[in-house]
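K.L.:
Encoded as structure tokens, here's the structure I'll be asking about.
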Amino acid sequence: MKHKSREPEREQGSKRYRIQRLRRLSQLLDNALPIPGLNYRVGIDPIIGLIPGGGDMVSGILSAYIVLEATRFGLPKETLGRMVINVLIDTLTGIVPILGDIFDLTWKANAMNVELLEEHLQAPKSSEAADRGFIIVMILSLALIVVGVTSFGLFLLWGLTALMNSLF
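Residue numbers (my numbering): 343 to 510.
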């Protein structure tokens, strides 16, 4: 015999599990490693970003995954828009050699995005949830930007390699 009273409980459990999973991923990406002697933590996101060519793409994909998962919670367009902007700032600054990597140590887009998700779930605003079309456009835009940034980074790496080869 199926008890209808347990269905919302299962849904809540699933929701809690998904939030926990996103929280753990953002923790790993942005705050996993303490810096000895400082009261500051960094994650593997800036370390992944150091990998020439594909590091920023992997980092961008992981950040986009958090935003994609957040869409399943019925967030309003404004909140999703802020999340996308956080990822774009992280991804676009990541292509700037050295300065982008330093910036990535301080800009914790994933932690900010999970915080935005949790804020919305604790005190949902009366805003209307984003519609499917908006979410599709948002995800495609994120994907294009991540691929574009990666392509640009690879192009720069190729150009620098060609320049170095011509000099020596």
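Backbone N, C-alpha and C define an ideal beta-carbon position, used for all residues, glycine too.
None of these values were measured; they are calculated from a predicted model.
Is DSSP giving ARG414 helix, strand or coil here?
P.N.:
Here ARG414 sits in coil by DSSP.
K.L.:
Whole angstroms are fine: how far does the CA of LEU498 sit from the CA of THR413?
P.N.:
One C-alpha to the other measures close to 34 Å.
K.L.:
Starting from VAL489, trace the alpha helix (DSSP H) in both directions and tell me its first and last residue.
P.N.:
Start and end: 474-509.
K.L.:
Taking the alpha helix (DSSP H) that VAL426 belongs to, which residues open and close that run?
P.N.:
It spans 419-436 - the alpha helix (DSSP H) in which VAL426 sits, taken as one unbroken run.
K.L.:
Are the segment 358-378 and the segment 419-432 in contact at 8 Å, needing three or more beta carbon pairs?
P.N.:
No, they do not touch.
K.L.:
What is the rounded straight-line gap between the Cα of ALA374 and the Cα of ASP473?
P.N.:
In a straight line, the C-alpha of ALA374 is about 34 Å away from that of ASP473.
K.L.:
Just the C-alpha distance for LEU392 and LYS419, rounded to the nearest angstrom, thanks.
P.N.:
Each residue's alpha carbon lies about 32 Å from the other.
K.L.:
Would LEU447 pass as a contact of PRO388 if the rule is Cβ separation under 9 Å?
P.N.:
A contact, by the Cβ cut-off of 9 Å.
K.L.:
Please report the distance separating the alpha-carbon of PHE415 from that of ILE481.
P.N.:
Their backbone Cα atoms lie some 15 Å apart in a straight line.
K.L.:
Determine, using beta carbons only, whether VAL479 and THR433 come nearer to each other than 9 Å.
P.N.:
No, the pair does not count as a contact, with Cβ atoms beyond the cut-off.
K.L.:
Does the Cβ of SER356 have 16 or more other Cβ atoms within 10 Å, making it buried, or fewer, making it exposed?
P.N.:
Exposed, by the Cβ-count rule.
K.L.:
Roughly how many angstroms lie between the CA atoms of GLY431 and SER493, to the nearest whole one?
P.N.:
In the sequence as displayed, the identity of residue 431 is Ile instead of Gly. When rounded, the distance between both Cα atoms is 17 Å.
K.L.:
Am I right that ILE386 and LEU371 are in contact with their C-beta atoms under 8 Å? What's the rounded C-beta distance?
P.N.:
Indeed they touch by this definition, with Cβ atoms about 6 Å apart.
K.L.:
Where do the N-terminal and C-terminal ends of the alpha helix (DSSP H) with ASN381 fall, by residue?
P.N.:
Segment: none, ASN381 is in no alpha helix (DSSP H) and carries neither H nor E.
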